[in-house]
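Engineer: Quick note on numbering: the sequence shown equals residues 7 to 135 in this note's numbering.
For every residue, glycine included, the Cβ atom is placed at its ideal position computed from N, Cα and C.
Nothing here was measured: the structure is a model prediction, and the numbers come from that model.
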Amino acid sequence: MTDKKETAILIVDDEEWIRDLLKDILETNGYRTKTAKNGTDAIKKIKQESFNVVICDINMPKLSGFDVLKQVRLIDSSIKIIMMTANGNEYYYNQCMSMGASGFIGKPFDMQEMLAAIEYSTGKNSFTD
Numbered sequence: 007m008t009d010k011k012e013t014a015i016l017i018v019d020d021e022e023w024i025r026d027l028l029k030d031i032l033e034t035n036g037y038r039t040k041t042a043k044n045g046t047d048a049i050k051k052i053k054q055e056s057f058n059v060v061i062c063d064i065n066m067p068k069l070s071g072f073d074v075l076k077q078v079r080l081i082d083s084s085i086k087i088i089m090m091t092a093n094g095n096e097y098y099y100n101q102c103m104s105m106g107a108s109g110f111i112g113k114p115f116d117m118q119e120m121l122a123a124i125e126y127s128t129g130k131n132s133f134t135d
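1) Quick check on this structure: which residue in Asn93, Ser127, Leu27, Lys51 has the alpha carbon closest to the alpha carbon of isoleucine 64?
2) Quick check: what's the CA-CA separation for glycine 129 versus glutamate 22?
3) Taking the alpha-carbon of methionine 66 as reference, which of Ile52, Ser56, Asp82, Ala48 has the nearest alpha-carbon?
4) Using 8 Å as the Cβ pair cut-off and three pairs as the minimum, do the region 76–94 and the region 111–124 touch?
5) Is it right to say methionine 7 is buried, meaning 16 or more other beta carbons lie within 10 angstroms of its own, or is it exposed?
6) If you draw a straight line from the alpha carbon of isoleucine 52 to that of serine 108, how long is it in whole angstroms?
7) So what's threonine 13 in DSSP terms, helix, strand or just coil?
8) Pick out the complete beta strand (DSSP E) segments inside the region 24–111, 3 residues or longer, and give them in chain order.
9) On a CA-only basis, which of Asn44, Gln54, Asn95 is nearest leucine 75? Give me that one, please.
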């Protein structure tokens with residue numbers, strides 16, 4: 007089992023305050039993080055660096071979260087992807103999961119729910135530690 011410090015997370019959201027909030031909380035919880043302000047920036051970073059988890063908003067300019075999800079699956083299918091959106095309806099959930107997302111979080115999100123989704127996706131939960 008790898009240490010949380012070895013888990014690299016890319017946070018993708020067009021809202022700076024959400025990126026900053028997630029970055030601060032995840033780093034406080036021992037994760038290494040980077041941020042991307044849109045889908046295009048995210049794909050560029052994923053091609054340049056190695057990430058274990060991508061947390062990605064769905065509704066963004068330039069490249070939607072669905073497009074990011076598709077491209078990440080082609081670049082590296084081992085990356086765990088947690089999708090998030092303020093439009094947390096069943097259609098978005100089903101679409102994300104059928105495209106290979108490992109988690110889905112509605113906004114506004116509960117930080118404990120986000121941490122649990124990351125731990126579940128990476129296998130770092132109380133049942134396996």
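Structural biologist: Taking the coordinates as given:
1) Asn93
2) 29 Å
3) Ala48
4) yes
5) Confidence at methionine 7 is low in this model, with a pLDDT of 41, below 50, so the placement of that residue should be treated as unreliable; the coordinate-derived value is given next. Its Cβ having fewer than 16 others within 10 Å, methionine 7 is exposed.
6) 17 Å
7) coil
8) 38–42, 59–63, 86–91
9) Asn44
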